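See structure below.
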Amino acid sequence: MWLNRAFLILILYAGISIISCRKPTSFKESGSLSFSADSLHFDTIFTTLPSPTLRLSVRNTSGSPLRIKYINLQGGENSPFKLIINGDATPAVAGLELDKGDSALIFVSLTAQGNDARILDKINFETSDQQYEVILDAFVRDAYFLTDTFIACDTVFTPAKAIVVDGPLFVPEGCTLRIEPGTHLYFTPRVDKNYNPASYLFVGGTLQVEGSVTLPVIFEGNRLDEAYAGKGGQWRGIIFGVTSKGSVIDKARIKNAWVGIQIDSLPVDAAPKLVLSRTEISNHSNYGILLQGYSSVTQQQIMLKAENILIDNCAKSCFVMAGGGNADITHATITAFNYDFNRKDPLILLNNYSTTTAYPLFAKFTNCIVEGTEDNEVQLDNANLGGYQVEFNYSLIRSVITMPGILNIYNQSPAFIDSRKKDYHLNNNSPAINKGIATQIFTDLDGKSRPQGAGPDLGCFEYQP
């Protein structure tokens, strides 16, 4: 027993002796550093809202351990930029030690006040023999902020400032919201208790969007850094409720929502519930346009009348009618490819029933392009109980099933300029050129004259020779 105890004491003594003899790391104060970036750029940031957090890595590239003399934010405590250096929220640190080849992390964020401005600062690094700097750059925009807002009747949004919407923005029944050319609305990524997007525009009255070719009205999320440019689900979308009527959207871009446009009921009068023209509906995590009928609609009750529209890059379907309804679509380009996601749903889904009930459905597509990666990009989901009238006329369709209608082109590429770059203009060899039927639509989505040849081209863009 005493031998075992003596042996343990000997081992412990030897270990302590080894540790006590080990030399402490010697940090030099001269040496070289490298950085993951020589500048950090923040895309447009709105006043009073915190920015995304950017990351900077600083690495000891010396051949030995290095003590950095100091790291400091040049603007100090007064800078709108804020630093977290190796876990400490501070504008400056002295004597940071890095072993050979080791790195330190610096996180940079920004909260700014005031008017539109470009903001510059820099992070300084110094060893005993070298100095370095990393530039910080941001553009800050002043904005109007609307949180859980019911607008007053006859409100007009102008392009004087950006408009940031946090939570629902309501247009009450009997009231009108008019939006002038060039106005830009940004919706925050707020979510509800179920983690669904909770920032949206709800129209219970009338919406009049008056964009122009040079000054479209833009609806999108407020995350403007490059990683979010084509990302859907950043906000809920535009919803037209039961009491809404007589709305018009002309020359708008509706981007990066959960559902771009949702119409929840039939029109309350003889006019279409929404007239949509010269509008792009892009990058949505569910649907581009969703119509929900669930009522005994007649052929005269038009929920949506649309012309010269582009619906693209939706993760599920681009155009959906659920529970019947009534839509009249002319010169639409409806398309999505699997560059950003693995979509399996058809581009167009036309459903006319719920679990127990069938409803009338009227859908007419004229001079359209429906092109994607699936064999059947149109699904006719019919309860076979009557009241299901679908027509595709003079359209180019990706489908192995023949659609009701006349003079359609099946399973030919429309020869877009570059679908990967989301340029859906037509090449000069497109089979969609001159294949449309004449209508009362004499310009395209770009405002260019149509037709340019013997007949109008299919889709929202007229080929310009």
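Residue numbers (the working numbering): 971 to 1435. Heads up, the beta-carbon is just placed ideally off N, CA and C, and yes, glycines get one too. Every value quoted in this text rests on a predicted model; they were computed, and no experiment measured them.
Presumed contact (8 Å Cβ cut-off) between residue i and residue j, rounded CB distance
i	j	result
I1407	N1337	6 Å
Y1329	S1247	Not really, about 27 Å apart at Cβ, beyond 8 Å.
R1148	P1186	Not really, about 15 Å apart at Cβ, beyond 8 Å.
L1317	L1350	Contact doesn't hold; Cβ gap of about 13 Å is too wide.
N1363	I1376	5 Å
K1163	T1097	Not really, about 51 Å apart at Cβ, beyond 8 Å.
D1282	A1306	6 Å
S1369	Y1380	6 Å
A1062	L1043	7 Å
L1428	K1405	5 Å
S1324	G1293	6 Å
G1137	R1160	6 Å
Closest Cα partner of residue i within the set the options
i	options	result
N1253	F1289, I1272, S1214 and E1277	F1289
E1190	E1250, S1021 and F1311	E1250
F1016	Y1165, D1099, R1193 and G1046	R1193
G1065	Q1262, F1095, V1161 and F1120	F1095
T1184	G1417, P1426 and D1427	G1417
P1167	G1181, Y1156, A1285 and W1228	W1228
D1239	K1225, Y1257 and M1273	M1273
T1153	A1132, G1144 and P1138	A1132
N1278	P1435, F1412, P1374 and S996	F1412
M1395	P1242, F1431 and A1353	Sequence inspection shows His at residue 1395; the Met mentioned does not correspond to that position. Answer by Cα proximity: F1431.
L1155	N1226, T1097, G1211 and A1197	N1226
A1385	K1243, R1420, Y1433 and P1421	Y1433
T1326	A1353, F1307 and E1347	A1353
V1267	I1259, D1282, P1242 and N1256	P1242
R1088	T1117, F1109 and T1409	F1109
L1010	Q1359, N1308 and I1093	I1093
S1034	E1103, L1003, T1119 and T1117	L1003
D1118	F1140, D1427 and S1255	F1140
Y1257	E1047, D1315, G1200 and A1276	D1315
A1074	N1085, D1086, G1057 and G1084	G1057
P1129	G1181, P1138 and S1079	G1181
R1313	T1343, H1301, G1293 and S1324	T1343
R1420	C1284, I1076, H1301 and R1160	H1301
V1078	D1086, V1104, A1285 and N1085	V1104
L1280	E1347, D1414 and A1197	D1414
I1209	N1085, P1142, A1122 and N1378	P1142
K1221	F1120, I1188, Y1198 and G1211	I1188
I1121	Q1101, T1146 and Y1102	T1146
Q1410	E1347, A1276 and S1383	A1276
Test item: CB-CB of residue i and residue j under 9 Å
i	j	result
F1005	D1195	no
E999	R1025	no
I1055	I1041	yes
L1019	V1134	yes
F1157	Y1170	yes
I953	S1365	The requested residue 953 does not occur in the structure, where the chain is confined to residues 971 to 1435.
D1107	L1090	yes
E1341	T1303	yes
P1050	T1023	no
G1230	D1099	no
I1219	L1260	no
E1150	F1127	yes
P1435	G1423	yes
Q1359	Q1269	yes
D1124	G1200	no
Heavy atom of the ligand ATP within 8 Å of residue i beta-carbon
i	result
S1217	Looking at this structure, you won't find the ligand ATP or any other ligand, since it has none at all.
Review point. At a cut of 8 Å, does the segment 1231 to 1245 reach the segment 1194 to 1205 through at least three beta carbon pairs?
Key: no
Review point. Can you find at least 3 beta carbon pairs, one from the segment 1057 to 1072 and one from the segment 1016 to 1030, that sit closer than 8 Å?
Key: yes
Exercise for review: List in chain order: all unbroken beta strand (DSSP E) runs of 3+ residues lying wholly within the segment 1139 to 1215.
Suggested key: 1146 to 1149, 1154 to 1157, 1170 to 1173, 1176 to 1180, 1187 to 1191 and 1207 to 1210
Check your understanding: With contact counted as at least three CB pairs below 8 Å, one residue from each stretch, are the segment 1280 to 1300 and the segment 1324 to 1339 in contact?
Key -> yes
Exercise for review: Spell out a yes or no on whether the segment 1207 to 1216 and the segment 1164 to 1175 are touching, meaning 3 or more CB-CB pairs, one atom from each, closer than 8 Å.
Suggested key: yes
Exercise for review: Report the residue ranges of all beta strand (DSSP E) runs contained in full by the segment 1254 to 1338; include only those spanning at least 3 residues, in chain order.
Suggested key: 1257 to 1262, 1274 to 1282, 1289 to 1292, 1295 to 1306, 1318 to 1321 and 1331 to 1336
Review point. Is it true that the segment 1396 to 1407 meets the segment 1277 to 1293, where meeting means three or more beta-carbon pairs spaced less than 8 Å apart?
Key: no
Review point. Enumerated in chain order, which unbroken segments of the beta strand (DSSP E) with a length of 3 residues or greater are wholly contained in the segment 1043 to 1083?
Key: 1051 to 1055, 1062 to 1068 and 1073 to 1080
Check your understanding: At what residue ranges does the segment 1357 to 1430 contain a whole run of the alpha helix (DSSP H), taking only runs of 4 or more?
Key -> none
Check your understanding: Curious, which full-length beta strand (DSSP E) runs of at least 3 residues does the segment 1087 to 1148 contain?
Key -> 1087 to 1096, 1101 to 1111, 1113 to 1120, 1125 to 1127 and 1132 to 1141
Check your understanding: Can you list the beta strand (DSSP E) stretches of 3 or more residues lying completely in the segment 1213 to 1256, in chain order?
Key -> 1217 to 1220, 1222 to 1225, 1229 to 1233 and 1244 to 1252
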